[in-house]
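Undergrad: According to the working numbering, the stretch in the sequence shown is residues 79 to 339, in order.
Idealized CB from N, CA, C, for every residue including glycine.
These numbers were taken from a predicted model, which means no experiment stands behind them.
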Amino acid sequence: MYKDLENKVAVVTGGSKGIGTAISERFGKEKMKVVVNYNSDKEGADEAVAAIKEAGGEAVAVQADVSTEEGINRLLETALNKFGQLDIWVNNAGMENQSATHELSLEDWEKVIKVNLTGVFLGTKAALNYFKGETRKGNIINMSSVHEQIPWPTFAHYAASKGGVKLFTETVAMEYAPDHIRINSIGPGAIKTPINAEKFEDPKQKEILENMIPMARVGQPKEIAAAAAWLASEESSYVTGITLFVDGGMTLFPSFQGGKG
Ligand code: NAD
79 MYKDLENKVA
89 VVTGGSKGIG
99 TAISERFGKE
109 KMKVVVNYNS
119 DKEGADEAVA
129 AIKEAGGEAV
139 AVQADVSTEE
149 GINRLLETAL
159 NKFGQLDIWV
169 NNAGMENQSA
179 THELSLEDWE
189 KVIKVNLTGV
199 FLGTKAALNY
209 FKGETRKGNI
219 INMSSVHEQI
229 PWPTFAHYAA
239 SKGGVKLFTE
249 TVAMEYAPDH
259 IRINSIGPGA
269 IKTPINAEKF
279 EDPKQKEILE
289 NMIPMARVGQ
299 PKEIAAAAAW
309 LASEESSYVT
319 GITLFVDGGM
329 TLFPSFQGGK
339 G
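#1: Between residue 236 and residue 174, what straight-line distance do the alpha-carbon atoms span, to the nearest angstrom?
#2: Between residue 126 and residue 93, is the Cβ-Cβ spacing less than 8 Å?
#3: Secondary structure at residue 221, three-state DSSP: helix, strand or coil?
#4: May I ask which residues mark the beginning and end of the alpha helix (DSSP H) holding residue 289?
#5: Cβ-heavy atom distance between residue 113 and the ligand NAD below 7 Å?
#6: Comparing C-alpha positions only, which one of 114, 128, 134, 332 sits nearest to residue 140?
#7: For residue 247, which residues of its own chain have a beta-carbon under 6 Å away from its beta-carbon, when the five flanking residues on both sides are left out?
#8: Specify the secondary structure class of residue 178 as computed by DSSP and reduced to three states.
#9: Regarding residue 318 and the ligand NAD, is the C-beta to nearest heavy atom distance less than 7 Å?
#10: Looking at the structure shown, is residue 169 part of a helix, part of a strand, or coil, going by DSSP?
#11: Report buried or exposed for residue 180, applying the criterion of at least 16 other Cβ atoms within 10 angstroms of its Cβ.
#12: Cβ-heavy atom distance between residue 190 and the ligand NAD below 7 Å?
#13: Given that a residue counts as buried once 16 or more other Cβ atoms are within 10 Å of its Cβ, and exposed if not, what is residue 130?
#14: Can you find the residues in the same chain that come closer than 7 Å, C-beta to C-beta, to residue 147, ignoring five residues on each side of it along the sequence?
#15: Using the rule of at least 16 other Cβ atoms within 10 Å of the residue's Cβ for burial, across every protein chain shown, is residue 110 buried or exposed?
#16: Kindly indicate which three-state DSSP category residue 183 falls into: helix, strand or coil?
#17: Could you check where the alpha helix (DSSP H) with residue 246 kicks off and where it finishes?
#18: Return helix, strand or coil for residue 116, following the three-state DSSP convention.
#19: Between the Cα of residue 275 and those of 256, 259, 296, spot the shortest distance and give me the residue it belongs to.
#20: Does DSSP put residue 85 in a helix, a strand or coil?
#21: Could you pull the DSSP bridge partners for residue 138 from this structure?
#22: Please confirm whether residue 91 and residue 169 have their CB atoms less than 8 Å apart.
#23: Can you look up residue 260 in the DSSP assignment and give me helix, strand or coil?
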């Protein structure tokens, strides 16, 4: 637990399931005040809110599509109206779908880019404007992926969005370091959440996946939440512009395991 996080106010996008819920619940354990965003799954967001309150934090669920300015503004306004301030903004919402690139529709390309990259831009912009206006230390955390580094055939739009998040994070980190605003990404490997539930249900797919991970297991959402809590806390006060890979070693070229090559 990080003492300095107590009573801090956070917005977590896509908090109604998976990694976003785990981060929201971890922030609850840190006794923070959390705006839990959902797009359509109100029930999931309400469960996260209940868990945060149970753990000693405060929380409210807010509907918003992160790819719209109107939705992002609603999240910021709720944080300010209900909790009086904003300290940490987590751009976690994301989506993926699979298609060979030559068959990928413009509609699917735009959907993924809008949520995964434009959503990160809009959330970051809103948070930056607030932090600069208040001249307070600000902290932004983006959910990237190992696929900001590892190419992923048939997921070109997803990989492009996460590659975009990498350079966006680095650029904004450099631009706003003089304002005492930190921004970092987390690069999860294969984490057991609804986004990839099907893969984990198929034993063959699961085995293929585990062979790509030196630690030979998939990760749990709470292991990503632990990284988010550290980046949110003052324990990481000198860290900005990085991607913290939390991936069991997936980015370490595992095919070279055992001295192959
Ligand atoms: P998930 O599908 O369980 O959760 C994604 C969340 O984003 C959901 O709550 C969903 O409602 C929300 N969302 C989607 N579109 C939205 C929109 N327009 N507005 C608001 N919310 C929206 O997936 P997850 O695994 O928890 O993924 C969370 C983040 O982590 C994503 O950015 C994803 O790309 C990233 N990630 C996940 C993995 C993994 O293995 N699970 C690996 C690398 C990166």
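TA: Reading from the atomic positions:
#1: As a working note, residue 236 is residue 158 in the sequence shown. As a working note, residue 174 is residue 96 in the sequence shown. Their backbone Cα atoms lie some 6 Å apart in a straight line.
#2: The residue labelled residue 126 in the question sits at position 48 within the sequence shown. The residue labelled residue 93 in the question sits at position 15 within the sequence shown. Against a cut-off of 8 Å, the Cβ pair of residue 93 and residue 126 comes out as a contact.
#3: For the purposes of this step, residue 221 is identified with residue 143 of the sequence shown, where counting begins at 1. Collapsing the DSSP output to three states places residue 221 in a strand.
#4: As a working note, residue 289 is residue 211 in the sequence shown. From DSSP, the alpha helix (DSSP H) with residue 289 extends over 281-289.
#5: To locate residue 113, count along the sequence shown from 1; it is residue 35. Because no heavy atom of the ligand NAD lies under 7 Å away, the Cβ of residue 113 does not count as near it: no.
#6: As a working note, residue 140 is residue 62 in the sequence shown. The residue among 114, 128, 134, 332 with its C-alpha nearest the C-alpha of residue 140 is 114.
#7: In the sequence shown, residue 247 corresponds to position 169, counting from 1. Cβ within range, chain order: 220, 261, 263.
#8: Here residue 178 refers to the residue found at position 100 when the sequence shown is read from its first residue. Coil at residue 178, not helix or strand.
#9: The residue given as residue 318 occupies position 240 in the sequence shown. Short note on residue 318: C-beta not closer than 7 Å to any heavy atom of the ligand NAD.
#10: Taking the sequence shown and counting its residues from 1, the one referred to as residue 169 is at position 91. Strand.
#11: Against the sequence shown, residue 180 aligns to sequence position 102. Its Cβ having fewer than 16 others within 10 Å, residue 180 is exposed.
#12: Translated into positions along the sequence shown, residue 190 becomes position 112. For the ligand NAD, not one heavy atom lies less than 7 Å from the Cβ of residue 190.
#13: Walking along the sequence shown from the start, residue 130 turns up at place 52. Looking at its Cβ environment, which holds 16 or more other Cβ atoms inside 10 Å, residue 130 is buried.
#14: Numbered from its first residue, the sequence shown carries residue 147 at position 69. The answer, listed in chain order, is 200.
#15: Taking the first residue of the sequence shown as 1, we reach residue 110 at position 32. By the 10 Å Cβ count, residue 110 comes out buried.
#16: Reading the sequence shown from its first residue, position 105 is the one you call residue 183. Residue 183 carries a coil assignment under DSSP once its states are collapsed to helix, strand and coil.
#17: Taking the first residue of the sequence shown as 1, we reach residue 246 at position 168. Under the DSSP assignment, residue 246 falls in the alpha helix (DSSP H) whose first and last residues are 234-254.
#18: Within the sequence shown, numbered from 1, the residue matching residue 116 stands at position 38. In the structure shown, residue 116 sits in a strand (DSSP, three-state: E or B).
#19: Reading the sequence shown from its first residue, position 197 is the one you call residue 275. For the residues 256, 259, 296, the minimum Cα distance to residue 275 belongs to 296.
#20: For the purposes of this step, residue 85 is taken as the residue at position 7 of the sequence shown. Three-state DSSP puts residue 85 in coil, outside helix and strand.
#21: Locating residue 138 in the sequence shown gives position 60, where the first residue counts as 1. As computed with DSSP, residue 138 is found in a beta bridge with 113.
#22: Numbered from its first residue, the sequence shown carries residue 91 at position 13. Numbered from its first residue, the sequence shown carries residue 169 at position 91. Against a cut-off of 8 Å, the Cβ pair of residue 169 and residue 91 comes out as a contact.
#23: Here residue 260 corresponds to residue number 182 of the sequence shown, with the count starting at 1. Three-state result, residue 260: strand.
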